[in-house]
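Below is one structure, written out as structure tokens; the observations come after it.
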Amino acid sequence: MALTCDYLVLGSGVAGLSFALEAAAHGSVLVVTKRARDESNTKYAQGGIASVLADTDTFAAHVADTLVAGAGLCHEVVVDLCVREGPARIARLREIGVRFTTRSGEADADLDLAREGGHTARRVAHAADMTGREVERAMLEAVQATGRVQFLEEHTAIDLITMSNFGGPDRCVGAYVLDNAAGRVETVLARATVLATGGAGKVYLYTTNPDVATGDGVAMAHRAGAEIANMEFYQFHPTCLYHPQAKNFLISEALRGEGATLRLLDGTPFMEKYHPMKDLAPRDVVARAIDVEMKRTGSEHVLLDITHKPASFVRERFPNIYAECLKFGMDITSQPMPVVPAAHFMCGGVTTDLHGRSTLPGLWAIGECACTGLHGANRLASNSLLEGLVFGHRAAVKLATQRAELDAAPWPTVPEWQTGSAAPSDEAVVVSHNWAELRQTMWNYVGIVRSDTRLRRAARRIALLQEEIREYYWRYLVTRDMLELRNIATVAELIVSCAAVRHESRGLHATLDYPSTDPGLARDTITKRGVLPHLRAV
Ligand code: SIN
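Per this note's numbering, residue 17 is the first one in the sequence shown, and the count goes up by one each step.
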């Protein structure tokens, strides 16, 4: 028997919860999440949410900073609406109990606003250096309090259900979902299916992202035939902690917002060679500069130094980073931190309109898995939680206006999940081996600086891995690990194939073969199942 709901949300980060909170007012919501409900990229966001919140700041300045970072590919109408709707979304978060850091320490006082790379003003609302954790906590409480949102934790979406597979119209009507522990596959039917699955940092060997970030939404949407865009623009955060025991630990850009300086191992600062904004240049510039300096000097990391600030300030403003580094024997108030760039944010994704609707009827995409046009070729720091909030809300508002039409359609009849002759796997090593090889390949050949030869090498290896993954997928009963591997392989293929058609360097896509930006190529890279990537005017 299929489960039914008005809205099926895949993912429980800021975008999914933002949608669920508003949609619960007009429908039943089922949130499917791969692990515990609070485990998402959002929880690990340190910096905060960019928005125009100070009298001295303007919408025009936030728009301009976003466009500069986006390197000519942002969709201006989207940038304008996100920036203008930001303050209302922050106000809503405060209403549901998000405790942002304020200037006086009183909950309802003026916010303490931080600065990050690419921003010309202080405009980042934050909760010390644990903004995501606080936003996730308050949103989960608010969503649960509606009484109309159910969670299926430890469940992994396998594939979207599209009626065209069963001789019907091209429409998404839900998803097949694996109960991770029981191994049982549920059929979930929904009036609207909302992808809020976040990013895909696990496609690279080194990432700031948690293990759940395997690009599931983009991969499923691609298999279902939705349009995908700009996958070559994968953002590397300049500063991930470099320590053998520190897994994926981000060192927030907000440190540089407070004057922290990037230095070579001998203490020489180097960012002034690369950009007039020095350490606060847009993120693509800083990550590339670090990459160049590491290659030039042969060092395995660079240093980030905030020792000029009073120790009490550092401990109070960055309690999480301070404590985490101390665990590894580093006191950041008196010594610089070793840092390296690591994969951080997927700027491309499932293309959507201004309400989060994908090109596949019935399927919506919000947050990091979507390509709305906000980020262009390089996301401005702290614009991602903003985008999740704005589009989660917009999608729910739009769907409220379509209720009568959605309810009029009878529930479709779809077959239950078929296991065929699949057996339990006795060769899990295939998953772990391919997982490691794929991530290493992406790191070595499709990282911060690319070339045609490296992309061709990557494409060959990925094609081979995909062949093995497909074989394994059909032969054995599905597991979460297997599904995640299948998804990151699809995402890797999309990144490489999109990168291969962009014959220029722009934003996050830097290639040795085409080192300049070509004004004639200020276009989105578009692809779809069965349609090779090509450039389309923004
Ligand atoms: C950070 O705190 O540096 C991350 C913020 C972001 O990725 O926008």
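Heads up, the beta-carbon is just placed ideally off N, CA and C, and yes, glycines get one too. Keep in mind it's a predicted model, so treat the numbers as computed, not measured.
Practice prompt. Under 5 Å from any heavy atom of the ligand SIN, by CB: list those residues in chain order, please.
Written response: Selection output, chain order preserved: Q62, G63, S268, E269, A397, S398.
Going by the beta-carbon positions, is the gap between E170 and A36 smaller than 9 Å? In the sequence shown, the residue the question calls residue 170 occupies position 154. In the sequence shown, the residue the question calls residue 36 occupies position 20. When the beta-carbon positions are compared, E170 and A36 stay at least 9 Å from each other.
Looking at the unbroken beta strand (DSSP E) that takes in F167, where does it start and where does it end? Along the sequence shown, one-based indexing puts residue 167 at 151. Per DSSP, F167 belongs to the beta strand (DSSP E) from 165 to 168.
### Task
Compare the Cα-Cα distances from R272 to each of N246, R299, Y290 and report the closest residue.
On the sequence shown, position 256 is the one that residue 272 refers to. R299 is the residue among N246, R299, Y290 whose C-alpha sits nearest the C-alpha of R272.
Express the C-alpha separation of I106 and V151 in angstroms, rounding to a whole number. Indexing the sequence shown from 1 puts residue 151 at position 135. Indexing the sequence shown from 1 puts residue 106 at position 90. C-alpha separation (whole angstroms): 10 Å.
ask   = For W380, which three-state DSSP category applies?
value = To locate residue 380, count along the sequence shown from 1; it is residue 364. In the structure shown, W380 sits in a strand (DSSP, three-state: E or B).
What does the alpha-carbon distance come out to for the pair S56 and S28? Reading the sequence shown from its first residue, position 40 is the one you call residue 56. Reading the sequence shown from its first residue, position 12 is the one you call residue 28. Taken atom to atom, the span from the alpha-carbon of S56 to that of S28 is near 7 Å.
*Are the beta-carbon atoms belonging to E248 and R518 less than 9 Å from one another?*
Taking the first residue of the sequence shown as 1, we reach residue 248 at position 232. Taking the first residue of the sequence shown as 1, we reach residue 518 at position 502. Yes, the Cβ-Cβ distance between E248 and R518 is below 9 Å.
**Report entry** Same chain, Cβ closer than 7 Å to R149, neighbours up to 5 away in sequence not counted
**Finding:** The count along the sequence shown starts at 1 and reaches residue 149 at position 133. Around R149: K59.
Check your understanding: Would the region 227 to 247 and the region 536 to 554 be scored as touching if the rule is three or more Cβ pairs under 8 Å?
Key -> Flag = yes, the region 227 to 247 and the region 536 to 554 touch.
| Taking the continuous alpha helix (DSSP H) assigned at P535, which residues delimit it? | What you label residue 535 is simply residue 519 of the sequence shown in a count that begins at 1. Taken as a continuous stretch (DSSP letters only), P535 belongs to no alpha helix (DSSP H), as it is neither H nor E.
* To do: Check whether the Cβ atoms of L415 and H42 sit closer than 9 Å, and answer yes or no.
  => Taking the sequence shown and counting its residues from 1, the one referred to as residue 415 is at position 399. Taking the sequence shown and counting its residues from 1, the one referred to as residue 42 is at position 26. In contact: L415 and H42 (Cβ atoms closer than 9 Å).
Determine the extent of the beta strand (DSSP E) in which P357 is found, giving its start and end residues.
-> Taking the sequence shown and counting its residues from 1, one reaches residue 357 at position 341. Going by DSSP, P357 is part of the beta strand (DSSP E) stretching over 353 to 362.
Taking three-plus beta-carbon pairs below 8 Å as touching, is the region 291 to 309 in contact with the region 365 to 380?
With a cut-off of 8 Å, the region 365 to 380 and the region 291 to 309 do not count as touching, because too few Cβ pairs lie within range.
Residue burial classification, P30 (beta-carbon count within 10 angstroms, cutoff 16)
What you label residue 30 is simply residue 14 of the sequence shown in a count that begins at 1. The amino acid occupying residue 30 in the given sequence is Val; Pro does not appear at that position. The residue in question, V30, is buried, as its Cβ has 16 or more Cβ neighbours within 10 Å.
Would you mind sorting S34 into buried or exposed? The rule is 16 or more other CB atoms within 10 Å of its CB.
-> One-based indexing of the sequence shown puts residue 34 at position 18. Buried.
Q) Taking C341 as the reference, which of V159, E484, N264, S398 has the closest Cα? A) Within the sequence shown, the letter at position 325 stands for residue 341. Measuring from the Cα of C341, the nearest candidate turns out to be N264.
Put K325 into one of helix, strand or coil per three-state DSSP. Along the sequence shown, one-based indexing puts residue 325 at 309. K325: coil per DSSP, three-state reduction.
Point to revise | Pick from C514, T495, L501, A526 that is closest to A197, judged by C-alpha positions | key: The residue given as residue 197 occupies position 181 in the sequence shown. Comparing alpha-carbon positions, the option among C514, T495, L501, A526 lying closest to A197 turns out to be T495.
Exercise for review: For S180, count neighbouring Cβ atoms within 10 angstroms of its own Cβ and tell me buried if that reaches 16, exposed if not.
Suggested key: As a working mapping, residue 180 is identified with position 164 in the sequence shown. Classification for S180: exposed.
Contact under 9 Å by Cβ, S467 with T533: Here residue 467 is taken as the residue at index 451 of the sequence shown, counted from 1. Here residue 533 is taken as the residue at index 517 of the sequence shown, counted from 1. Result no, Cβ atoms of S467 and T533 do not sit closer than 9 Å.
**Asked** Counting pairs of Cβ atoms below 8 Å between the region 123 to 137 and the region 76 to 95, do you hit three or more?
**Response** The region 123 to 137 is in contact with the region 76 to 95.
Self-check item: N450 versus Q482, V507, T117, G546, residue with shortest Cα-Cα distance
Solution: Position 434 of the sequence shown holds residue 450. With distances taken between Cα atoms, N450 lies closest to Q482.
Curious, which full-length alpha helix (DSSP H) runs of at least 4 residues does the region 31 to 89 contain? Scanning the region 31 to 89 from its first residue to its last, the whole alpha helix (DSSP H) runs of 4-plus residues come out as 75 to 85.
Worksheet item: With which residues is V318 paired in a DSSP beta bridge?
Response: Numbered from 1 along the sequence shown, position 302 holds the residue referred to as residue 318. Residue pairing from DSSP places V318 in a beta bridge opposite V355.
Please classify T313: does DSSP put it in a helix, a strand, or coil? The residue you call residue 313 lines up with position 297 of the sequence shown. Correct three-state label for T313: helix.
How many Å lie between G63 and T118 at the Cα?
Start at 1 with the first residue of the sequence shown, and residue 63 comes out as number 47. Start at 1 with the first residue of the sequence shown, and residue 118 comes out as number 102. Straight through space, the alpha carbons of T118 and G63 are spaced by roughly 15 Å.
- How many whole angstroms separate the CB atoms of V48 and L168, which I take to be in contact at a CB cut-off of 8 Å? What you label residue 48 is simply residue 32 of the sequence shown in a count that begins at 1. What you label residue 168 is simply residue 152 of the sequence shown in a count that begins at 1. With a Cβ gap of about 5 Å, V48 and L168 count as contacting.
task: Report the option in E403, L278, P431, Q351 whose CA atom is closest to the CA atom of P103.
output: Here residue 103 refers to the residue found at position 87 when the sequence shown is read from its first residue. In this structure, E403 is the residue among E403, L278, P431, Q351 with its C-alpha nearest to the C-alpha of P103.
Discussion item. Suppose you measure from the CA of M458 to the CA of T506; what does that come to, to the nearest Å?
Written reply: Residue mapping note: residue 458 aligns to position 442 of the sequence shown, counting from 1. Residue mapping note: residue 506 aligns to position 490 of the sequence shown, counting from 1. Straight-line spacing of the CA atoms in M458 and T506 works out to 12 Å.
Grab the span of the beta strand (DSSP E) containing D22 for me, first residue to last. Taking the first residue of the sequence shown as position 1, residue 22 is located at position 6. For D22, the uninterrupted beta strand (DSSP E) run begins and ends at 19 to 26, by DSSP.
- Item | Same chain, Cβ closer than 7 Å to G217, five either side skipped, listed in chain order | As a working note, residue 217 is residue 201 in the sequence shown. Excluding the 5 residues flanking it on each side, G217 has same chain C-beta neighbours closer than 7 Å at T223, T224, N225, A229, A359, H360, in chain order.
_In the DSSP assignment, the beta strand (DSSP E) including T203 goes from what residue to what residue?_
For the purposes of this step, residue 203 is taken as the residue at position 187 of the sequence shown. That run of the beta strand (DSSP E) goes 201 to 211.
Q) Cα separation between V204 and L396? A) Position 188 of the sequence shown, counted from the start, is the residue given in the question as residue 204. Position 380 of the sequence shown, counted from the start, is the residue given in the question as residue 396. Straight-line Cα distance between these residues: approximately 36 Å.
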